[in-house]
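Taking it in order: structure first as structure tokens, then the write-up.
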Amino acid sequence: MLYRYSTREEMMAVDDDKSTYTLVKQPPEIEDYMRLRKISGLTPFERDAAEIGLKGTVFASVVSYNGNAVGMGRLVGDGGCFFQVTDIAVHPDHQGRGLGKMIMASIMEYVESALPTSAYVSLIADVPANRLYEQFGFKQTAPRSVGMSYIVRK
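Take 1 as the starting number for the sequence shown in the UniProt record's numbering and just add one per residue.
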């Protein structure tokens, strides 16, 4: 996979079959967000929750193929101290082509250039995706600390 920047400051990935993936640094559209979460195996959210959540995006990247969103990733946070990498998702038909790495590279470029020096950036990694995040310097925190979650059910 080759990467280059286009004249519009978008990162491009040229696949082996000469097709082009385009990475745009912006949040996904709500329909793409919900579709990519579901098809990639992430827990789907109610539309109203997703619309509110997308407004909390600090930085995001969307990868498109032939004009259709096939991958995404977001950074959310409080703007100063705490940030979380989330919603790293690639459509199954496009997995294994380096798109997750391309999305993470875009997010980490933002993290390194725009966040305060002492910012704490975390994520919850599914296995084997943890290997992707380790390539960008993320380390497991166990046994010192463990990830925990609570899901609101009504």
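Just so you know, even glycine gets a beta-carbon here, dropped at the ideal spot from N, CA and C.
Assignment of Arg37 by DSSP, reduced to helix, strand and coil, places it in the helix class.
Residue pairing by DSSP places Phe83 opposite Gly77 and Val121 in a beta bridge. Scanning its chain for C-beta atoms nearer than 6 Å, with the 5 sequence neighbours on each side dropped, one finds around Lys25 the residues Ser61, in chain order. Annotated as distal: Met148 and Ile103, with beta-carbon spacing of 8 Å or more. In this structure, Val90 lies near Gly100, with their beta-carbon atoms less than 8 Å apart. Where Ala60 is concerned, the enclosing beta strand (DSSP E) starts and stops at Thr57 to Tyr65. The residue among Ala114, Thr117, Thr86 and Ala105 with its C-alpha nearest the C-alpha of Arg37 is Thr86.
The Cβ neighbour count for Ala69, taken over all protein chains shown within 10 Å, is at least 16; the residue is labelled buried.
The alpha carbon of Gln140 has as its nearest neighbour, out of Ile151, Pro128 and Tyr150, the alpha carbon of Pro128. One thing to note: Gln95 has its Cβ no nearer than 8 Å to the Cβ of Ser122. Across the structure, Glu46 and Pro116 are spaced so that their CA atoms are roughly 33 Å apart.
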